[in-house]
Amino acid sequence: DGGITQSPKYLFRKEGQNVTLSCEQNLNHDAMYWYRQDPGQGLRLIYYSQIVNDFQKGDIAEGYSVSREKKESFPLTVTSAQKNPTAFYLCASSIRRAGGNEQFFGPGTRLTVL
Amino acid sequence: LAKTTQPISMDSYEGQEVNITCSHNNIATNDYITWYQQFPSQGPRFIIQGYKTKVTNEVASLFIPADRKSSTLSLPRVSLSDTAVYYCLVRGSSNTGKLIFGQGTTLQVKP
Chain S
21 DGGITQSPKY LFRKEGQNVT LSCEQNLNHD AMYWYRQDPG QGLRLIYYSQ IVNDFQKGDI
81 AEGYSVSREK KESFPLTVTS AQKNPTAFYL CASSIRRAGG NEQFFGPGTR LTVL
Chain W
43 LAKTTQPISM DSYEGQEVNI TCSHNNIATN DYITWYQQFP SQGPRFIIQG YKTKVTNEVA
103 SLFIPADRKS STLSLPRVSL SDTAVYYCLV RGSSNTGKLI FGQGTTLQVK P
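Going line by line, the protein sequences match chains S and W.
Each residue of the first sequence is one higher than the one before, counting from 21 in this note's numbering.
Each residue of the second sequence is one higher than the one before, counting from 43 in this note's numbering.
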């Protein structure tokens, strides 16, 4: 059963701690993305990767870091430098098709800073 | 990436047809129009995509006029489970896959 998995579903962190969110896909997609969503708002792009061992900053990359060592995995680390990390985090992957890249999203991780 | 404008919210009743219009005045020649649906605390889900005229699938229809400066997502006979946020996006066929999500349209279906 192909898809995108994110773990954990809920995550609590103390201020000053780094935390890593997991994202795995078995769709054989080349591109992967991380978005942040705040209440009542749309999604904002944090980082994206079009190929293994390569990634680019999105619109709100400050305070976040990523790695892409394997095609299937694209973990996101929320560092202590991120001043307001409480949000809903969504991972996506995409395949190129006629008309652009349809993105498939994971179930999300809700991060709360205590 | 072209900017889109859509209503913040809409109300409907079960069994009615719902039409959500999106404006994209600066759409480029190679841009496609894509709609996503998002339920609370879930990731968005692709609904439909089109370039011109009309596209229909098992979920919705997408109407695009000749000038392509707007598009209308049509949901036939909505049910309570169609209550969600609907996002209209415009993107080129050769771009990096970056999507620009606005606030979307919150559709509330009432019994």
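No residue lacks a Cβ here, since even glycine has one placed at the ideal position from N, Cα and C.
Checklist entry - chain W beta carbons: is any one of them nearer than 7 Å to that of Glu92/S? => result The residue labelled residue 92/S in the question sits at position 72 within the first sequence. No - not a single Cβ of chain W is within 7 Å of the one on Glu92/S.
Item to check | Closest residue to Asn48/S among Glu35/S, Val133/S, Val86/S, Ser113/S (Cα-Cα distance) | outcome: Numbered from 1 along the first sequence, position 28 holds the residue referred to as residue 48/S. Looking at the Cα atoms, Ser113/S is the closest of the given residues.
Checklist entry - For Leu131/S, which of helix, strand or coil comes out of DSSP? => result As a working note, residue 131/S is residue 111 in the first sequence. Note: Leu131/S maps to strand in three-state DSSP.
Next on the checklist: Is there a C-beta anywhere in chain W that falls below 7 Å from the one on Leu131/S?
Outcome noted: The residue labelled residue 131/S in the question sits at position 111 within the first sequence. For Leu131/S, the answer is no, since every Cβ of chain W falls outside 7 Å of its Cβ.
Item to check | Member of Gln79/W, Gln48/W, Asn72/W, Ile142/W whose CA lies at the smallest distance from the CA of Gly92/W | outcome: As a working mapping, residue 92/W is identified with position 50 in the second sequence. It is Asn72/W whose Cα lies nearest to the Cα of Gly92/W.
Item to check | Touch test, the stretch 102-110 of chain S against the stretch 53-65 of chain S, Cβ-Cβ under 8 Å, three pairs minimum | outcome: yes
Checklist entry - Quick one: what's got a C-beta closer than 6 Å to Lys152/W's C-beta in the same chain, skipping five residues either side? => result Residue numbering aside, residue 152/W sits at position 110 when the second sequence is read from its first letter. For Lys152/W, where only same-chain residues beyond five positions count, the Cβ hits under 6 Å are Tyr55.
Checklist entry - For the stretch 142-153 of chain W, which residues have a CB atom closer than 7 Å to at least one CB atom of chain S, in sequence order? => result Phe143, Gly144, Gln145, Gly146
Next on the checklist: Taking the beta strand (DSSP E) that Asp53/W belongs to, which residues open and close that run?
Outcome noted: Counted from its first residue, the second sequence places residue 53/W at position 11. Counting along the chain, the beta strand (DSSP E) containing Asp53/W begins and ends at 51-55.
Checklist entry - Could you give the uninterrupted runs of the beta strand (DSSP E) lying entirely in the stretch 77-152 of chain W, keeping only those of 3 residues or more? => result 87-92, 95-98, 103-106, 112-117, 126-134, 147-152
Checklist entry - Does the distance from the CB of Cys64/W to the CB of Thr46/W come in under 7 Å? => result Stepping through the second sequence from its first residue, residue 64/W is reached at position 22. Stepping through the second sequence from its first residue, residue 46/W is reached at position 4. Taking 7 Å as the Cβ cut-off, Cys64/W and Thr46/W qualify as a contacting pair.
Item to check | Endpoints, beta strand (DSSP E) assigned at Asp97/S | outcome: As a working note, residue 97/S is residue 77 in the first sequence. In the sequence as displayed, the identity of residue 97/S is Thr instead of Asp. Thr97/S -> beta strand (DSSP E) spans 96-98.
Item to check | N-terminal and C-terminal residue of the beta strand (DSSP E) that Thr63/W is part of | outcome: One-based indexing of the second sequence puts residue 63/W at position 21. Taken as a continuous stretch (DSSP letters only), the beta strand (DSSP E) holding Thr63/W covers 60-65.
Checklist entry - Does Gly85/W come within less than 7 Å of chain S when only Cβ atoms are used? => result For the purposes of this step, residue 85/W is taken as the residue at position 43 of the second sequence. True, the Cβ-Cβ gap to chain S drops below 7 Å.
Item to check | Under 8 Å from the C-beta of Gln61/S: neighbouring residues of chain W | outcome: By 1-based counting over the first sequence, the position of residue 61/S is 41. Going along chain W in sequence order, the residues near Gln61/S (Cβ under 8 Å) are Gln145.
Checklist entry - In terms of residues, what are the limits of the beta strand (DSSP E) holding Gln57/S? => result In the first sequence, the residue the question calls residue 57/S occupies position 37. Here the beta strand (DSSP E) through Gln57/S covers 51-57.
Next on the checklist: Using only the alpha-carbon positions, how far apart do Arg110/W and Thr95/W sit?
Outcome noted: Taking the first residue of the second sequence as 1, we reach residue 110/W at position 68. Taking the first residue of the second sequence as 1, we reach residue 95/W at position 53. Near 9 Å, if we compare the C-alpha coordinates of Thr95/W and Arg110/W.
Next on the checklist: Pull the bridge partners of Ser114/S from the DSSP assignment, please.
Outcome noted: Here the question's residue 114/S lines up with position 94 in the first sequence. Ala51/S, Gln123/S, per the DSSP bridge assignment.
Checklist entry - What residues of chain W sit near Glu122/S, judged by a beta carbon separation below 8 Å? => result Looking up residue 122/S in the first sequence gives position 102. By Cβ distance, chain W contributes Thr76, Phe88, Gln91.
Item to check | Anticipated Cβ contact below 8 Å, Gly57/W with Arg119/W, distance rounded | outcome: Within the second sequence, numbered from 1, the residue matching residue 57/W stands at position 15. Within the second sequence, numbered from 1, the residue matching residue 119/W stands at position 77. 5 Å between Cβ atoms; contact.
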